[in-house]
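Numbering (the working numbering), first residue to last: 20 to 395.
Quick notes on the structure that follows.
Laid out in structure tokens, this is it:
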């Protein structure tokens, strides 16, 4: 086993060892670390699920043990909102490590450094109480039209470094790597001047791997996509009738696909318009219901799942799902924005022996998989 002087969070990922983050010793992950859980807490940059997957791919390509990676990013979130949902989206997974990326939306919404510090400190306090180690990402860069917000981000980074020093947290130096690349003429942002492009996401992955002690592990590209486990691939779908009422128990039980419905198969065959959306398409997201099924404000879908015996499962949601019904019983109703990524909700359910009728209502895009566990 190689010894790495950069230490870090590789140590805390070992199932058989419990150490303070102030430790100075370091080891690479053992095979048992593949059973460990890292939760990525963040905003849309995390919700898009690119840099977490680059990290996962890099570790696998380097024949390093791969921990379970759980995305807890929600587009639009500030540190305060992350603080409010920490128990629901992070602690519930009993992570062995949390990786925090917060600040872009705070800066764009002119959150004061004092308020930002209070919210991040509240997050760190809760993690300390739960004895969960933390890795902090410094903030990413913004485009030239957001100079005021970039100044605010610089103040946030001072706070993050101060908290890290006080508590012995590791820091992934995202800002430093991105500033150096920008100074060298690299383009790192999408056209909105806020979200990192693929190159920017590579640098974020690089910063995290460095902080975890994997400086010699390359960030391999391209990012390889495959359909995610348990995706329900075959549907009958239609645009919801005009002026329809939301489905209820009676209408769901009687809902049947007729000639007005279309067969819809995932993954969609036609490449999507951007690199990021095309990756989501390959992973099993439905992205083009308006084109493949027809215009509509919302859509209804029916699928069948067969089980040879009663089976405890999890329904994993993503994107624009509005409701899920299983055998006539409502399993899920969306009441608030909880992000885009696959697995933003992981809902326990039981499949009965034989065919199981799944009905959904959704916007123009959705993700739905069914897995035996809530980590995958």
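The beta carbon of each residue, even a glycine, is placed where N, CA and C say it ideally should be.
Since this is a predicted model, take the numbers as computed values, not measurements.
Secondary structure remark: continuous alpha helix (DSSP H) runs of at least 4 residues inside the region 277-359, in chain order: 294-302, 308-311. Nearest in C-alpha terms to residue 278, of all of 270, 257, 263, is 257. Boundaries around residue 375 are those of the beta strand (DSSP E), 373-390, since no alpha helix (DSSP H) includes it. Around the beta-carbon of residue 293, fewer than 16 other beta-carbon atoms lie within 10 Å, marking it exposed. Distance from the Cα of residue 123 is smallest, within the candidate group 86, 193, 79, for 193. Ranking 109, 378, 125 by CA distance to the CA of residue 118 puts 109 first. Taken in chain order, the complete beta strand (DSSP E) segments of 3 or more residues contained in the region 201-262 are 253-258.
Judged by their CB atoms, residue 322 and residue 246 are not nearer to each other than the 8 Å cut-off. For residue 71, the enclosing alpha helix (DSSP H) starts and ends at 70-80. Distances from the CA of residue 296 to each of 217, 139, 115 were compared; the closest alpha carbon is that of 217. The alpha carbon of residue 79 has as its nearest neighbour, out of 189, 238, 393, the alpha carbon of 238. Cα atoms of residue 161 and residue 214: separation of roughly 8 Å, rounded to the nearest angstrom.
Here residue 356 is exposed. Its C-beta has fewer than 16 other C-beta atoms within 10 Å.
Within the same chain, and ignoring the five residues on either side of residue 328 in sequence, the residues whose Cβ sits closer than 7 Å to its Cβ are 372.
Taking a 10 Å sphere around the C-beta of residue 384, we find 16 or more other C-beta atoms and assign the residue as buried. C-alpha of residue 196 to C-alpha of residue 222: approximately 7 Å in a straight line. Bounds of the beta strand (DSSP E) holding residue 90 are 87-92.
Under the DSSP definition of a beta bridge, residue 57 partners with 88, 116. Where residue 266 is concerned, there is no enclosing beta strand (DSSP E), because DSSP gives it neither an H nor an E.
Cβ-Cβ separation between residue 69 and residue 249: approximately 21 Å, too far for a contact (criterion under 8 Å). Fewer than three pairs of CB atoms, one per stretch, sit closer than 8 Å, so the region 164-173 makes no contact with the region 183-191. Rounded to whole angstroms, the separation of the alpha carbons of residue 231 and residue 121 is 19 Å. Beta-bridge analysis with DSSP links residue 155 to 119, 190. Within the DSSP bridge table, the entry for residue 365 names 335 as partners.
Rounded to whole angstroms, the separation of the alpha carbons of residue 365 and residue 266 is 22 Å.
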